[in-house]
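Peer 1: Residues in the sequence shown are numbered from 205 upward in steps of one, following this note's numbering.
Structure in structure tokens, see below.
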Amino acid sequence: MRMPRGRRPESVLVRLAGGDAVGWGEMAVPVGAADPGAAWADIETRMGPALIGLDWDRPEDVSAAADLGAREAAAAVDTACWDLWCRTRGLPLAHALGGTRTSIVTGARISPEPAIDTVTARVNQAVGAGHTRVTLDVRPGWDVEPVRAIRQAYPALALVADAGHAYTESPEHLAVLEALDAYGLAAIERPFPGGDLAAHARLQTRVGTAVAPDVGDLETLDAALSLQAGRALHLRLDRLGGLTAARSAHDLAYAAGWDVWCSGCGAFGIGQAAAVALAALPGCTLPSDVSDPAGGPVFVTPPVRSSGGVVGVPLTQPGLGHEIDEARIERLATRRLRLST
């Protein structure tokens, strides 16, 4: 799928049919990528054939029985399995996962800007829309000053500094991270390269702010918990490989007392709808990134939209709780693959 009007975000959509029901999943294609590449090949040569004829009673059985390959593509397939399974049984996805919330408080992400005034203006817009958490992308040389400006403007706003693996344990960088600690952040996310959990653990002993290491699988999360390499977890469906793994990660982090927040993937609403169901889990204590990007095409009805900083959890309809506009998807699809018995 490609959005209309030029080079915009793209997604791979997975449609899984069984009996009279259909389940959907979504995988975002990184902006600037020429094509879905390895993920599409995984679906075509590995995941799709593995699902055909597979006897499964619950969605968890699929990931246990089939080698789903690349995590981003696996997330789309796993979400489609959950949606299909819930729709055949008349269950809302949030309830099937164990969710307890009826609504999700939302957050927003702010990318680096050329001027601090521009950043604060964008934060003003986010707060004005009702978002109660803002994640600011920081990097060396663009960190303490914008954080200070946001905190001065909004003393009570939940603020996450996402470092994108850009820092080291050099004295200069550690001094910056310790300076950020003074601004009452909700979390310092991904300060160091993802594989260096020991560095995250050492930083957590130096700062009172919760450190949020980059977690892409359950083994990494187990190691992070064992090393006490943080106190917060950002659940990203595409990084973890779908709802099955993300729910397990939530359960582990929740049991350890970590704060958790979620984000969806994709630009067409299906990934965001799945993230809403995930964010309904009881351990998701921080506002989550679950609403569709403003101005995007609406392929799910009702659209996943924040109203006053809140997204309702669909609890009266089965599965994702949204109707999928299959006719519009068919019109705008740029590539198709159909596998059947």
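From the three backbone atoms N, C-alpha and C, an ideal C-beta is built for every residue, glycine too.
#1: Just checking my contact of arginine 337 with alanine 362 at CB under 8 Å: how many whole Å lie between their CB atoms?
#2: Does DSSP put tryptophan 289 in a helix, in a strand, or in coil?
#3: Hey, how far is the Cα of valine 411 from the Cα of alanine 280?
#4: Would you tell me roughly how many angstroms separate the C-alpha atoms of glycine 475 and alanine 243, rounded to the nearest one?
#5: Let me confirm a value: leucine 220 is counted as buried when at least 16 other C-beta atoms fall within 10 Å, else exposed. Which label applies?
#6: Could you tell me the distance, in whole angstroms, from the CA atom of leucine 543 to the CA atom of leucine 255?
#7: Tell me the rounded alpha-carbon separation between leucine 217 and aspartate 265.
#8: Any contact between the segment 479-488 and the segment 313-331? By contact I mean 3 or more CB pairs, one from each, below 8 Å.
#9: Buried or exposed for glutamine 408, please, with buried defined as at least 16 other CB atoms from any protein chain shown within 10 angstroms of its CB.
#10: Could you check where the beta strand (DSSP E) with glycine 227 kicks off and where it finishes?
#11: For threonine 538, does the count of other Cβ atoms within 10 angstroms reach 16, so buried, or fall short, so exposed?
#12: Exposed or buried, leucine 301, counting other C-beta atoms within 10 Å across all chains shown (16 or more means buried)?
#13: Have a look at threonine 306 and threonine 520 and give me their C-alpha separation to the nearest angstrom.
#14: Check the DSSP bridge columns for tryptophan 260 and list the partner residues they point to.
#15: Compute the Euclidean distance between the alpha carbons of glutamate 382 and phenylalanine 503, then round it to the nearest angstrom.
#16: What are the uninterrupted segments assigned as beta strand (DSSP E) that are 3 or more residues long and contained completely in the segment 453-481, given in chain order?
#17: When burial is assigned at 16 or more other CB atoms within 10 Å of the CB, is proline 491 buried or exposed?
#18: By a C-beta neighbour count over all protein chains shown, 10 Å radius and 16 as the cutoff for buried, is glutamate 174 buried or exposed?
#19: Which residues in the same chain as cysteine 585 place their Cβ atom closer than 6 Å to its Cβ, once the five residues preceding and following it in sequence are excluded?
#20: In three-state terms, what does DSSP make of alanine 357?
#21: Taking alanine 278 and methionine 251 to be in contact with their CB atoms under 8 Å, please state how far apart those CB atoms are, rounded to whole angstroms.
#22: Could you tell me whether the segment 427-437 touches the segment 353-360, using the rule of 3 or more Cβ pairs below 8 Å?
#23: Rounding to the nearest angstrom, what Cα-Cα distance links alanine 238 and glutamate 214 in this structure?
#24: Please indicate yes or no: does the CB of serine 315 lie closer than 7 Å to some heavy atom of the ligand ZN?
#25: Let me know the secondary structure DSSP gives glutamate 373 once reduced to three states.
#26: Would you mind working out which of Cys285, Pro522, Ala459 and Asp321 sits nearest isoleucine 354, comparing C-alpha positions?
#27: If you draw a straight line from the alpha carbon of alanine 365 to that of proline 316, how long is it in whole angstroms?
#28: Tell me the residue span of the beta strand (DSSP E) that contains histidine 438.
#29: Beta strand (DSSP E) containing alanine 362: first to last residue?
Peer 2: So, from the data block:
#1: Against the sequence shown, residue 337 aligns to sequence position 133. Against the sequence shown, residue 362 aligns to sequence position 158. Contact flag correct, Cβ pair sits at about 4 Å.
#2: One-based indexing of the sequence shown puts residue 289 at position 85. In this structure, tryptophan 289 counts as helix in the three-state DSSP scheme.
#3: The residue labelled residue 411 in the question sits at position 207 within the sequence shown. The residue labelled residue 280 in the question sits at position 76 within the sequence shown. The straight-line gap from Cα to Cα measures roughly 37 Å.
#4: For the purposes of this step, residue 475 is identified with residue 271 of the sequence shown, where counting begins at 1. For the purposes of this step, residue 243 is identified with residue 39 of the sequence shown, where counting begins at 1. About 16 Å.
#5: In the sequence shown, residue 220 corresponds to position 16, counting from 1. Buried is the call here.
#6: As a working note, residue 543 is residue 339 in the sequence shown. As a working note, residue 255 is residue 51 in the sequence shown. Taking the straight line joining both Cα atoms gives about 10 Å.
#7: Counted from its first residue, the sequence shown places residue 217 at position 13. Counted from its first residue, the sequence shown places residue 265 at position 61. Their Cα atoms are separated by approximately 21 Å.
#8: no
#9: Counting from one through the sequence shown, the residue named residue 408 turns up at place 204. Buried: at least 16 other Cβ atoms inside 10 Å.
#10: Against the sequence shown, residue 227 aligns to sequence position 23. That run of the beta strand (DSSP E) goes 225-233.
#11: Position 334 of the sequence shown, counting from 1, holds the residue named residue 538. Threonine 538 comes out exposed.
#12: What you label residue 301 is simply residue 97 of the sequence shown in a count that begins at 1. Flag for leucine 301 reads buried.
#13: Position 102 of the sequence shown, counting from 1, holds the residue named residue 306. Position 316 of the sequence shown, counting from 1, holds the residue named residue 520. Roughly 11 Å between the two C-alpha positions.
#14: Taking the sequence shown and counting its residues from 1, one reaches residue 260 at position 56. DSSP output for tryptophan 260 lists no bridge partner at all.
#15: Here residue 382 is taken as the residue at index 178 of the sequence shown, counted from 1. Here residue 503 is taken as the residue at index 299 of the sequence shown, counted from 1. Going from the Cα of glutamate 382 to the Cα of phenylalanine 503 covers about 44 Å.
#16: 463-467
#17: Numbered from 1 along the sequence shown, position 287 holds the residue referred to as residue 491. Classification of proline 491: buried, given that the 10 Å Cβ count is 16 or more.
#18: Residue 174 lies beyond the residue range present for the chain, which begins at 205 and ends at 545; the question has no answer from this structure.
#19: As shown, the chain starts at 205 and ends at 545. That puts residue 585 outside it, with no answer to give.
#20: To locate residue 357, count along the sequence shown from 1; it is residue 153. It is helical.
#21: Taking the sequence shown and counting its residues from 1, one reaches residue 278 at position 74. Taking the sequence shown and counting its residues from 1, one reaches residue 251 at position 47. The pair is a contact, with the Cβ atoms about 7 Å apart (cut-off 8 Å).
#22: no
#23: Taking the sequence shown and counting its residues from 1, the one referred to as residue 238 is at position 34. Taking the sequence shown and counting its residues from 1, the one referred to as residue 214 is at position 10. Confidence in alanine 238 is poor, its pLDDT being 49 and thus under 50, which makes the residue's placement too unreliable to answer from.
#24: This structure does not include the ligand ZN; it has no bound ligands of any sort.
#25: As a working mapping, residue 373 is identified with position 169 in the sequence shown. Coil at glutamate 373, not helix or strand.
#26: Your numbering for residue 354 matches position 150 in the sequence shown. When only C-alpha atoms are compared, the closest one is Asp321.
#27: Indexing the sequence shown from 1 puts residue 365 at position 161. Indexing the sequence shown from 1 puts residue 316 at position 112. Cα to Cα, alanine 365 sits roughly 11 Å from proline 316.
#28: As a position in the sequence shown, residue 438 is number 234, starting the count at 1. Its beta strand (DSSP E) spans residues 436-440.
#29: Numbered from its first residue, the sequence shown carries residue 362 at position 158. Element bounds for alanine 362: 362-366.
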